[in-house]
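Student: Below is the structure I would like to discuss, written out as structure tokens.
Now the structure itself:
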């Protein structure tokens, strides 16, 4: 009988030790006790030089947001202490970008933030005993702290994972003016007590313990000056009345081609530039500029002989812009717009040229 009692005591002791080493029944997934905690931050940058506004430039920003949260997990052994495993998804960022890079803790993919302009890569700081920035998305990253509870009725308190991290904004095309970044969830962070957890097997009923939202503005102050700010005067040659008496007449020797030079500040090479024409249109043919001679209009054309309609969609092409300088050219030609012989004397027309930056 004495030996039996010792055997039973040993059996009870062994059973208790096994219970402390396992989380018990349950999926191991954890839920925040007061709803998903939001860590918001703003990304606001002003780019003042062209070197920082080139395709391929990455702008880095760190976030550090206040607040903490608590969580309980789906496991019934309240005595269990073990690692926390974090999984992160990309939230609102669903389309992979064109860029990726190797970071300290692994490969980082970029995702489209503003289509045709910006992509983003995100790293989240995981504390505990790991203390590393991990590229998002990731699955089942342990914080390497085996003392965390969370099972049964034990609540993990004062958690801060997600409150720190780094974003890198990659420029896919030189930026123009002000680029608004709408509020975007860049990371959803999930927690589990099991190493098999991943972004592929998150139960639909399990919310993130935290998410990170970002919004902001990137501003690129830019300006251009045409002809050093001076008026461009085009003097057309004298025309014999007999040479421009019929509708559509436009003597070839009356056409004048003018080069227009301009300079720009903080407009990167590779930016789409063009020059628009604005002015009052001829009442008889709206493709031409109006003159103070009721029978004459002025046709403006580019170097490919395409008519540039005042206020229209066609613009003078700019193909040689580099290092803040560029040029284009246009040809001005008088045209008979009524079919009547124009009255003699001087005539003039005015128009405005404007650089379009896209």
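In mature numbering (1 follows the signal peptide of the UniProt record, and there is no 0), the protein residues as written are -19 to -1, 1 to 339. Here a beta-carbon is modelled for each residue, glycine too, at the ideal position from N, C-alpha and C. Note that the structure is predicted; figures quoted are calculated from it, not measured.
One question on the structure: do residue 156 and residue 199 come within less than 8 Å of each other, judged by their Cβ atoms?
Tutor: Yes; because the gap between Cβ atoms is below 8 Å, this pair is in contact.
Student: What is the DSSP secondary structure of residue 233, reduced to helix, strand or coil?
Tutor: In this structure, residue 233 counts as helix in the three-state DSSP scheme.
Student: Under 8 Å, with one C-beta from each stretch per pair, do the stretch 48 to 66 and the stretch 82 to 95 reach the 3-pair mark?
Tutor: Flag = no, the stretch 48 to 66 and the stretch 82 to 95 do not touch.
Student: So what does DSSP say about residue 340, is it helix, strand or coil?
Tutor: Outside the displayed span of the chain (-19 to 339) sits residue 340, for which this structure offers no information.
Student: Looking only at its chain, what residues have a beta carbon closer than 6 Å to the beta carbon of residue 228, apart from the 5 residues adjacent to it on each side?
Tutor: So the list reads 317, 320, once near-sequence residues are dropped.
Student: Look at residue 191 and residue 18 and say whether their C-beta atoms are less than 8 Å apart.
Tutor: Closer than 8 Å, so yes.
Student: Taking 8 Å as the threshold (C-beta atoms), are residue 241 and residue 170 in contact?
Tutor: Result no, Cβ atoms of residue 170 and residue 241 do not sit closer than 8 Å.
Student: Note down, one range per segment and in chain order, each beta strand (DSSP E) of at least 3 residues found wholly within the stretch 168 to 247.
Tutor: Fully enclosed beta strand (DSSP E) runs of 3 or longer: 191 to 201, 204 to 207, 237 to 246.
Student: Specify, as a first and last residue, the run of the beta strand (DSSP E) that residue 114 falls within.
Tutor: Counting along the chain, the beta strand (DSSP E) containing residue 114 begins and ends at 113 to 116.
Student: I need the DSSP call for residue 32, collapsed to helix, strand or coil.
Tutor: If DSSP states are grouped into helix, strand and coil, residue 32 belongs with the helices.
Student: Ordered along the chain, which non-local residues of its own chain (more than five positions away) have a Cβ less than 8 Å from that of residue 52?
Tutor: If we look at residue 52 and ignore the five residues flanking it on each side, its Cβ neighbours are 11, 12, 13, 14, 131, 136, 137, 140, 172, 190.
Student: Please go through the stretch 39 to 87 and give each complete alpha helix (DSSP H) segment of 4 or more residues, from N-terminal end onward.
Tutor: Those alpha helix (DSSP H) runs which fall completely within the stretch 39 to 87 and span 4+ residues do not exist here.
Student: Please classify residue 248 as buried or exposed, where buried requires at least 16 other C-beta atoms within 10 Å of its C-beta.
Tutor: Residue 248 is buried by the Cβ-count criterion.
Student: Three Cβ pairs or more, each shorter than 8 Å: is that satisfied between the stretch 287 to 301 and the stretch 252 to 269?
Tutor: The stretch 287 to 301, when compared against the stretch 252 to 269, does touch it at the 8 Å Cβ threshold.
Student: Is the distance from the Cβ of residue 37 to the Cβ of residue 152 below 8 Å?
Tutor: Closer than 8 Å, so yes.
Student: Consult DSSP for residue 335 and reduce its assignment to one of helix, strand or coil.
Tutor: If DSSP states are grouped into helix, strand and coil, residue 335 belongs with the strands.
Student: Ignore the nearest five residues each way along the sequence and tell me which others in residue 329's own chain have a CB closer than 8 Å to its CB.
Tutor: The answer, listed in chain order, is 272, 273.
Student: Measure from the alpha carbon of residue 125 to the alpha carbon of each residue in 107, 114, 117, then state which is nearest.
Tutor: It is 107 whose Cα lies nearest to the Cα of residue 125.
Student: Got a sec? Which residues, its chain only, sit under 6 Å from residue 35 by beta carbon, not counting five neighbours each side?
Tutor: Once the five neighbours on either side are set aside, the close Cβ partners of residue 35 are 249.
Student: From residue 246 to residue 281, what does the alpha carbon distance come to, in whole angstroms?
Tutor: So the alpha carbons of these two residues sit roughly 27 Å apart.
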